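Structure, as structure tokens:
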């Protein structure tokens, strides 16, 4: 006995058109929002000089600043009361040197103001060549 005489079963089918529409929208969204960064190289022609290097090194004044805010100029301790005293100590350490280089060796935990005091004292003393000493970091 066939009880399903008037009924026939439809085969299930997958409609791919909505899925393709969604994928196209996602693709367009990704294309619009993605930035394509291209690292370009700069073609630089460096200037050339025919001069000989100087044989004399400029005078160097080493200023050390520790974490507590103590100052030391060329291995002699300086009692800091104000910037004028530090400036006078820098002039004394420079002596007759013409445009000495001031190398600031500041502790990593030194107060920011302590380093600024040295830079301000150097400016007041008329010394404009200031640099900082660093050490190579250790890879952990």
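Residue numbers (this note's numbering): 2 to 141. Beta carbons are placed, not taken as given, at the ideal position from N, Cα and C, and that holds for glycine. No experiment lies behind these values; they were computed from the predicted model shown.
If you draw a straight line from the Cα of residue 53 to the Cα of residue 106, it is about 30 angstroms long. For residue 86, there is no enclosing beta strand (DSSP E); the enclosing alpha helix (DSSP H) has its first and last residue at 84 to 95. DSSP places residue 16 outside both helix and strand once states are collapsed to three, so it counts as coil.
In this structure, the CA atom of residue 59 is about 22 angstroms from the CA atom of residue 136. Beyond the five residues adjoining it in sequence on each side, residue 70 comes within less than 6 angstroms, by CB distance, of 112 and 115 in the same chain, given in chain order. DSSP places residue 114 inside the alpha helix (DSSP H), whose first and last residues are 113 to 125. Fewer than three Cβ pairs drawn from the region 60 to 69 and the region 11 to 30 lie within less than 8 angstroms of each other, which leaves the two stretches out of contact. Annotation for residue 63: the continuous beta strand (DSSP E) segment containing it runs 61 to 66.
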